[in-house]
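Peer 1: When the sequence shown is numbered by the numbering used here, its final residue is 160 and no position is left out of the sequence of numbers. Don't be surprised by glycine CBs; every beta carbon is placed ideally from N, CA and C.
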Amino acid sequence: MYHLFNLDDCLAFVTNRSAKIFAETLEKEFRPYHMTRSQWIAMYYIYKNESITQRELADKLSIKEPSVVRMLQKMELEGHLRREGIQSDKRIKQLELTDKGVKICLSLMPIAEKFKNETIAGISEQDLRIFKNVLNTMVENASAEKS
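Quick look at the structure:
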């Protein structure tokens, strides 16, 4: 007899569902600051990397560049960042946070840190290491299938 596939046992589905819950929770935490989770993550990577382009940011966020461009345009209008073409190719936009962007990014880091700590409460360092290793292997396996 054929056993029906059980979606609730599929780790890819379980981790995806979990990621959505985490994202929604962090989104709620950032709402009072008029900042979305995606905007803050973009600001984090721009802050962390002294030199990052729109394309590199899109890769880090795992989203298509046109989606990043729309988000960055909004953030630029709000005074959070600057996008400047590089001398060798003006089409390539280099990203830099403004003073206002740096201030907001840094002010939200404790909220992100608290969120992270709450999600891993009660989990040993060893279990977290194992989980990260297993998840990375799953991502590598899924990526290899696409090739």
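Going by CA-CA distance only, name the one from 139, 51 and 67 that's closest to residue 249.
Peer 2: Since the displayed the chain opens at 14 and closes at 160, residue 249 lies outside it and no answer follows.
Peer 1: At what residues does the beta strand (DSSP E) containing residue 92 begin and finish?
Peer 2: Per DSSP, residue 92 belongs to no beta strand (DSSP E) and is neither H nor E.
Peer 1: When we look at the beta-carbon of residue 118 and count the other beta-carbons within 10 Å, is it buried (16 or more) or exposed?
Peer 2: Buried, by the Cβ-count rule.
Peer 1: Between residue 96 and residue 111, is the Cβ-Cβ spacing less than 9 angstroms?
Peer 2: Not in contact: residue 96 and residue 111 (Cβ atoms no closer than 9 angstroms).
Peer 1: Using only the alpha-carbon positions, how far apart do residue 59 and residue 28 sit?
Peer 2: Spanning the two alpha carbons is a distance of roughly 27 angstroms.
Peer 1: Which whole-angstrom value describes the C-beta separation of residue 85 and residue 67, a residue pair presumed to lie in contact below a C-beta threshold of 8 angstroms?
Peer 2: The pair is a contact, with the Cβ atoms about 6 angstroms apart (cut-off 8 angstroms).
Peer 1: Flag residue 122 as yes when its Cβ comes closer than 8 angstroms to any non-hydrogen atom of the ligand GTP, and as no otherwise.
Peer 2: Ligands are entirely absent from the displayed structure, and the ligand GTP is therefore not among its contents.
Peer 1: Round the Cβ separation of residue 74 and residue 54 to the nearest angstrom and send it over; I've been treating them as touching at under 8 angstroms.
Peer 2: Right, their Cβ atoms sit about 6 angstroms apart.
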